[in-house]
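For the sequence shown, numbering that gives the first Met the number 0 assigns the number 0 to the initial residue and increments by one for each residue that follows.
By construction, the Cβ of each residue, glycine as well, lies at the ideal position given by its N, Cα and C atoms.
Report on one structure; see the data block that follows.
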Amino acid sequence: MVPLASSVPHTLPFVGPGTYLIFGIVLAPVYLMLVAWFLGEPSDRQSALLGVGYVAGLTTAIWGGLFVVTMIIDFAFF
0 MVPLASSVPH
10 TLPFVGPGTY
20 LIFGIVLAPV
30 YLMLVAWFLG
40 EPSDRQSALL
50 GVGYVAGLTT
60 AIWGGLFVVT
70 MIIDFAFF
C-alpha cells in the first residue's frame, strides 16, 4: 500500500503538457472574447473594461478559493 504523503520529492516541471493545453486551447474562446470586446463593433471601452474586471475578479475568486481549500486539506491530512 502506498502512503498518501511520501517523502519522495516531486520532480514535475512547472510547465507541463497540460499547461499548454489549458492556456492555449481551452482558454482560446476566452481570449477571443476579450479581443472582441475591444476590437469588435460597436466597441465601448467602459463596458469592455468592466467585462475584463468581471473576468479577472471571477478568476481570482476561483483560484483563491481553490488555494484556501488546498491549504485546509494540506493541514488537515498531511
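Using a Cβ distance threshold of 8 Å, residue 33 and residue 51 count as a contacting pair.
Contact between residue 62 and residue 47 does not hold, since their C-beta atoms are separated by about 22 Å, which reaches or exceeds 8 Å. Straight through space, the alpha carbons of residue 76 and residue 67 are spaced by roughly 14 Å. A direct Cα-Cα distance of roughly 10 Å separates residue 16 from residue 22.
Ranked by Cα distance from residue 54, the first of 26, 18, 20 and 14 is 26.
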